[in-house]
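These notes are about the structure you will find just below.
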Amino acid sequence: MPVAGDVAGRGDVEASGVRDDVVAWFDAHARDLPWRAADRTPWGVLVSEVMLQQTPVVRVEPAWRAWLDRWPTPADLAAAPTGDVLRAWDRLGYPRRALRLQECARAVVERHGGVLPDDEDALLALPGVGPYTAAAVRAFAFGRRSVVLDTNVRRVLARVAAGEALPAPALTVAETARAAAWVPDDDASAARWAAASMELGALVCTARSPRCDACPVADRCRWLAAGRPADAHAHRRRAQAWAGTDRQARGRVMALLREALAPVPHAAVAAVWPDVAQLARCLDALVVDGLVVREDAAGDAPDPDAATYRLPH
DNA sequence: AAGTCGGGGAC
DNA sequence: GTCCCAGACTT
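This note's numbering numbers the first residue of the first sequence as 422 and each following residue consecutively.
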């Protein structure tokens, strides 16, 4: 039976009871992640959130420790050589995130005196910080109320509240409203709900093989009650290609340049990718992105084959 | 609203 | 091989 005031799509489940049980489960089962430690800093939390954008926790954890040990504050990262930043990013993927994180550090220094703001609009204005990351930093770094809606929370609510296997491919206004309706009113409870619902999605209510037998709210889950029906949006999901894509080519180039001790001649770059035209296109794009610097050989008519490539300084 | 952007581990 | 991962940004 819906509770009074259930006007924003919480569904038939009783939200506060579910929230309480998810939070209690979190208190007993939360992972001991370094960006949750008592000595964490707001900047450290932001770094973790950017690294976790599309990269799994197990790969982020060691990188985060090394990163914060080397550049503990926004001012430290702002002053670092960009090439060092890209090398430290290593194989976390999507290296443009590393560029944006350094731009973010520089913006924090210039706009906010080196102190990360807790205002949502100020956070959103920072490079690399979108709706999810701004909300997450507000909740996890500052303990403030925000609507933290990542892939885990989306999936948990899709199942518990809507009875669907997975959320729609694209976030809708209605889904955001539903998530907002689930967030408790006060700061501390809202922050705890955000962390707990994300953790439940990461550890129990997983995309592939959910462990409903270990779920603290299995008895109130609409999806489980319906017999775990298949994903209704499956026909709209398209597998991301990989082999032979520009992304793979870019990754090969970046891996080569990260390891290089000196500018790499064009012929050596060409050795890592067989498609000449595709490689040329990707190199141009990497230069435009600011991930790679091309230096033409001295002379009147620059010869593409005589150019060298390196990471930015 | 749809495309683009890495990389690796689980299945 | 396919799918998924604490998304953001561009067009």
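The beta-carbon is built from N, C-alpha and C at its ideal position, and this holds for glycine as well.
If you check the CB distance, aspartate 717 and alanine 706 do not come in under 8 Å.
The C-alpha of arginine 527 lies about 34 Å from the C-alpha of aspartate 606. Secondary structure of proline 686 (DSSP, three-state): strand. One thing to note: valine 638 has its Cβ no nearer than 8 Å to the Cβ of arginine 632. Taking C-beta separations shorter than 8 Å and ignoring five residues to either side along the sequence, alanine 719 has no partners in its chain. Counted as a single uninterrupted DSSP element, the alpha helix (DSSP H) harbouring glutamate 596 occupies residues 594-603. When DSSP states are grouped into helix, strand and coil, valine 550 belongs to the coil group. A Cβ-Cβ contact shorter than 8 Å links alanine 609 with glycine 564. Counting C-beta pairs with one atom in each stretch, the segment 674-685 and the segment 507-517 have three or more that are closer than 8 Å, which means they touch. Residue range 714-716 is occupied by the beta strand (DSSP E) that includes glutamate 716. Taken through DSSP and simplified to helix, strand or coil, threonine 729 comes out as strand. The three-state secondary structure of threonine 476, taken from DSSP, is coil.
Restricting attention to Gly535, Leu537, Val468, the CA atom closest to the CA of valine 506 is found in Val468.
By the criterion of a C-beta distance shorter than 7 Å, valine 693 is surrounded in its chain by Arg673, Val674, Leu677, once the five residues flanking it on both sides are discounted. Under the criterion of beta carbons closer than 8 Å, arginine 440 and tryptophan 603 qualify as touching, at roughly 7 Å. Each residue's CA atom was taken as its position, placing arginine 576 and histidine 654 some 13 Å apart. No Cβ-Cβ contact shorter than 8 Å links alanine 611 with arginine 658. In the structure shown, the three-state DSSP call for cysteine 636 is coil.
Going by DSSP, cysteine 703 is part of the alpha helix (DSSP H) stretching over 697-710.
Between aspartate 652 and leucine 587 a beta carbon distance of about 5 Å is seen, short of the 8 Å cut, so the two are scored as contacting.
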